[in-house]
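In the numbering used here, the protein residues as written are 13 to 242.
(1) Mapping DSSP to helix, strand and coil, what is residue 141?
(2) Can you say whether residue 26 is buried or exposed, counting buried as having 16 or more other CB atoms within 10 angstroms of its CB?
(3) Is it the case that the stretch 134–146 contacts the stretch 112–121, given that we only count it when at least three CB pairs across the two stretches are under 8 Å?
(4) Considering only residues of the same chain and omitting the five flanking positions on each side of residue 3, which have a CB-CB separation below 7 Å?
(5) Using the Cα positions of residue 206 and residue 102, report the straight-line distance between them to the nearest angstrom.
(6) Apart from the five residues on each side of it in sequence, which residues of its chain come closer than 8 Å, Cβ to Cβ, to residue 155?
(7) From this set, 123, 181 and 220, which residue's C-alpha is nearest residue 129's C-alpha?
(8) Less than 6 Å between C-beta atoms, sequence neighbours within five positions excluded: which residues of the same chain meet that for residue 164?
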């Protein structure tokens, strides 16, 4: 699955570099956002949107002023488009894909996975975040029920676990099927996928508060669902 609007995927601004550099300070952020919305009984097509934040590159010239003969223009670049997939399976991550109706209480595994095919993807890892459920397709904001926050942590830890990650580019949740409205059995499940740049080969996902903590006596002060920020 690739971006429908290639203008979002293909073009990066032309950074201007000075050569030779004395010192380099860079900041860059590449974010891939994948939004999915589907009822269990009706799989909808997925769309991937690529958002690119171009970093700032600074060198050791006074006041960042460069002689014209030291400035070069880089060619237009392109990031490879990841192939991402979302499906719901029965019982576990390797279970049978759900293609028909299910019953409330059935164990389901929501699975997200991205890959770069032949491209080297060792520099990326994924995070599932900002999940909502609704009993209506394309519901308004007041019809959406948030269940996973921006850190991938459950907002209802008593009934819904945090997102787990079997690999750098795979995430999942094991949960029993439920319904929001007895008259509207379909559930529309929507999440965002963010691809993060790994730091020295380590994925810097936030670490959620362990679910066991919620079974203990809670302190009177508020808690943070994410123990470690990006």
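Cβ atoms here follow ideal geometry from the backbone N, Cα and C, with glycine treated the same way. From a predicted model like this one, the values you see are computed outputs, not experimental measurements.
From the atom records:
(1) Indexing the chain shown from 1 puts residue 141 at position 129. Strand, per DSSP.
(2) Counting from 1 along the chain shown, the entry for residue 26 is found at position 14. Unreliable positioning characterises residue 26 in this predicted model, as indicated by a pLDDT of 32, which lies under 50. The coordinate reading is nonetheless provided below. Per the 10 Å Cβ criterion, exposed.
(3) These segments do not touch.
(4) Here the chain has residues from 13 to 242 only, and residue 3 is not among them.
(5) By one-based count along the chain shown, residue 206 stands at place 194. By one-based count along the chain shown, residue 102 stands at place 90. Cα atoms of residue 206 and residue 102: separation of roughly 25 Å, rounded to the nearest angstrom.
(6) Along the chain shown, read from residue 1 onward, the residue named residue 155 stands at position 143. Taken in chain order, the residues that qualify are 146, 147 and 148.
(7) Residue numbering aside, residue 129 sits at position 117 when the chain shown is read from its first letter. Nearest to residue 129 by C-alpha distance, out of 123, 181 and 220, is 181.
(8) Residue numbering aside, residue 164 sits at position 152 when the chain shown is read from its first letter. Sequence-distant partners of residue 164 (beyond 5 residues in either direction) whose C-beta falls short of 6 Å from its own C-beta, in its chain, are 139, 140, 141 and 175.
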